[in-house]
Amino acid sequence: MPKPAILSSGIKNVQFGEQVKVVEPVNLYGCAIGDDCFIGPFVEIQKDVKIGKRTKVQSHSFICELVNIGDDCFIGHGVMFINDLFAEGKPAGGDMKLWKATSIGNHVSIGSNATVLPVSICDNVVIGAGAVVTKNITEAGVYVGNPARKK
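Structural data, given as structure tokens:
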């Protein structure tokens, strides 16, 4: 009977700030996490992600490459960040030139099960639970729904 290739996850090549708390199991690699952050269990943060100071990332969230998150943010349970828009009608796979970046400002709270496509979100924004952010947010406020709109 064939044996599968077993790949391990864990914490590899992470730049941690002071007083960071991480609840395992997690998959963190090649990222930078600022001072006084909290990372909950079952979180994946991929390479080249930068997370600012005092930011909390709750369980089951996925933060893909090309995402920058500011200071004093809250990422709720099960939040998904997307960097591949299937620009050619299929997954880009390893073709990073097709991936897009996401920038999250300071004091941004993203509710549980929200999905964030490659966008920029300004400071002082609340994204409601379950919202789907498809466009840049340039004005502070509360955004809800699919697609997310200012309330």
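Quick note, the sequence shown lines up with residues 1057 to 1207 if you use our numbering. Even for Gly, the Cβ is constructed at its ideal location relative to N, Cα and C.
For residue i, tell me which candidate among the options has the shortest Cα-Cα distance.
i, options, result
"F1130", "A1185, G1145, T1194, N1202", "A1185"
"F1075", "P1081, D1091, Y1085", "For the record, residue 1075 in the displayed sequence is Gln; it is not Phe. Among P1081, D1091, Y1085, the Cα nearest to that of Q1075 belongs to D1091."
"S1159", "A1143, C1087, F1137", "F1137"
"F1098", "G1108, R1110, V1082", "V1082"
"H1116", "Q1102, N1124, N1069, V1135", "V1135"
"L1173", "V1070, N1192, P1058", "N1192"
"D1127", "I1067, P1058, G1073, K1207", "G1073"
Would residue i pass as an interface residue toward chain D - the criterion being a Cβ-Cβ separation below 8 Å?
i, result
"P1060", "In the displayed structure, chain D is absent; only one protein chain is listed."
Could you name the residues of the same chain whose beta carbon sits closer than 6 Å to that of residue i, not counting the 5 residues immediately before and after it, in chain order?
i, result
"F1094", "K1077, K1112"
"P1203", "V1188, T1190"
"A1088", "Q1071, K1106"
"T1171", "M1136, V1188"
"N1180", "H1163, A1196"
"E1100", "N1083, F1118"
"Q1102", "C1120, E1121"
Look up residue i in the DSSP assignment and say whether it is helix, strand or coil.
i, result
"G1146", "Note that residue 1146 is Lys in the sequence shown, not Gly. Of the three classes helix, strand and coil, the one that applies to K1146 here is coil, per DSSP."
"F1094", "strand"
"G1126", "coil"
"L1084", "strand"
"I1062", "coil"
"G1197", "strand"
"E1074", "coil"
"K1191", "coil"
If I measure Cβ to Cβ from residue i and keep anything under 8 Å in the same chain, skipping five residues before and after, which residues do I get?
i, result
"R1205", "Y1199"
"N1139", "C1120, E1121, L1122, V1123, W1155, K1156, A1157, T1158, P1174"
"E1144", "L1154"
With a CB to CB cut of under 7 Å and the five nearest residues on each side skipped, what residues in its chain are close to residue i?
i, result
"S1065", "N1083"
"N1069", "Y1085, G1086"
- Mind listing, in chain order, the continuous beta strand (DSSP E) runs of no fewer than 3 residues lying wholly within the region 1130 to 1188? 1158 to 1160, 1164 to 1166, 1181 to 1183
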